[in-house]
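**Student:**
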Amino acid sequence: MAKNKRNAKRQRALNARRQAASHTGGSVIANELHHLIGADEESVVRAIRWRAKVNVYLILGFNLVAFLFLLYHTNANQGGVISHNSPYIWASFIAFFILQMIFLHRYKKLIRNA
Numbered sequence: 000m001a002k003n004k005r006n007a008k009r010q011r012a013l014n015a016r017r018q019a020a021s022h023t024g025g026s027v028i029a030n031e032l033h034h035l036i037g038a039d040e041e042s043v044v045r046a047i048r049w050r051a052k053v054n055v056y057l058i059l060g061f062n063l064v065a066f067l068f069l070l071y072h073t074n075a076n077q078g079g080v081i082s083h084n085s086p087y088i089w090a091s092f093i094a095f096f097i098l099q100m101i102f103l104h105r106y107k108k109l110i111r112n113a
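Each residue of the sequence shown is one higher than the last, beginning at 0 in numbering that gives the first Met the number 0.
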């Protein structure tokens with residue numbers, strides 16, 4: 000009888016290890032949210048993609064506002080402090096914009112594969 004209990008316990012442990020080692024389908028975030036709140040994978044992925052779109056629009060909106068601010072102050076302050084440093088400010092803005100676009104491209108690819 001004790002041998003049967005040991006064998007059953009051993010079999011349960013082996014099954015648990017196999018299940019833990021097997022690759023579960025879907026994303027890690029979706030699986031964790033499913034375990035935490037019971038959300039299905041489709042709704043989690045939809046929410047993540049919506050949030051990603053919002054992040055992209057916020058980043059592009061920030062760039063637009065920064066561009067308009069720089070354009071206004073470059074034209075309004077001819078001879079002021081900003082126009083004296085304007086080439087450096089514009090170069091920094093363009094470099095920052097290019098860096099953001101690289102990160103956005105990677106971010107979009109990551110979200111597309113989610």
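For every residue, glycine included, the Cβ atom is placed at its ideal position computed from N, Cα and C.
Relative to the C-alpha of PHE102, which candidate in ALA51, TYR87 and TYR71 has its C-alpha closest?
**Tutor:** Counting from 1 along the sequence shown, the entry for residue 102 is found at position 103. Of the candidates ALA51, TYR87 and TYR71, the one whose C-alpha sits nearest the C-alpha of PHE102 is ALA51.
**Student:** Within this structure, are the beta carbons of ILE58 and GLN99 separated by less than 8 Å?
**Tutor:** Within the sequence shown, residue 58 is the residue found at index 59, counting from 1. Within the sequence shown, residue 99 is the residue found at index 100, counting from 1. Going by C-beta atoms, ILE58 is nearer than 8 Å to GLN99.
**Student:** Just to confirm, is the Cβ distance from ILE93 to LEU69 under 8 Å?
**Tutor:** Your numbering for residue 93 matches position 94 in the sequence shown. Your numbering for residue 69 matches position 70 in the sequence shown. Cβ distance not < 8 Å, so ILE93 and LEU69 don't count as in contact.
**Student:** Classify ASN14 as helix, strand or coil using the three-state DSSP reduction.
**Tutor:** In the sequence shown, the residue the question calls residue 14 occupies position 15. Looking at ASN14 - three-state DSSP - the assignment turns out to be helix.
**Student:** Are there 16 or more other CB atoms within 10 angstroms of the CB of VAL43, so buried, or fewer, so exposed?
**Tutor:** Counting from one through the sequence shown, the residue named residue 43 turns up at place 44. Flag for VAL43 reads buried.
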